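Asker:
Residue numbers (UniProt numbering): 1 to 91.
1. As a quick exercise: from 80, 46 and 23, pick the residue whose alpha carbon is nearest that of residue 38.
2. Give the single residue among 28, 29, 35 and 18 whose Cα lies nearest to the Cα of residue 74.
3. Counting C-beta neighbours from all protein chains within 10 Å, is the total for residue 17 16 or more, i.e. buried, or is it exposed?
4. Residue 42 and residue 61 look like a contact to me (Cβ under 8 Å); what is the Cβ gap, rounded to whole Å?
5. Out of 65, 80 and 40, state which residue places its alpha-carbon closest to the alpha-carbon of residue 51.
6. Would you tell me roughly how many angstroms separate the C-alpha atoms of residue 1 and residue 70, rounded to the nearest one?
7. Per DSSP, which residues does residue 70 bridge with? Please list them.
8. Consult DSSP for residue 87 and reduce its assignment to one of helix, strand or coil.
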């Protein structure tokens, strides 16, 4: 199933592209937004010691409209959060 993230790419610096791909890959249902569970799986892949904590904090940082998901318009904020906490997308 193609991801809905292909319509308009978020403005992510080149060094955040790998992180962007990791998060996009974890949109398991292809609905174009990331749930807390999907974000947790992404942080687990990125090597977080406590991925549930990082998912909680990342969701709180990036979920600008408060719907409980990170959608296309908020994805660059999640990437920024991950970068600010030392994640690079390289495992």
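Just so it is clear, CB atoms sit at the ideal spot from N, CA and C, and this is done for glycine as well.
Model, not experiment: these values are computed from the prediction.
Answerer: Taking the geometry as given:
1. Comparing Cα positions, the closest option is 23.
2. The shortest C-alpha to C-alpha distance from residue 74 to any of 28, 29, 35 and 18 is the one to 35.
3. By the neighbour-count rule (16 or more Cβ atoms within 10 Å), residue 17 is not buried but exposed.
4. So it is not a contact: roughly 14 Å between Cβ atoms.
5. Residue 40 holds the alpha-carbon nearest to the alpha-carbon of residue 51 among 65, 80 and 40.
6. Because the pLDDT of residue 1 is 44, which lies under 50, any placement of that residue in the model is unreliable, and the number read from its coordinates should be weighed accordingly. One alpha carbon belongs to residue 1, the other to residue 70, and they sit about 19 Å apart.
7. Residue 70 is bridged to 34.
8. Residue 87 falls in the coil class under three-state DSSP.
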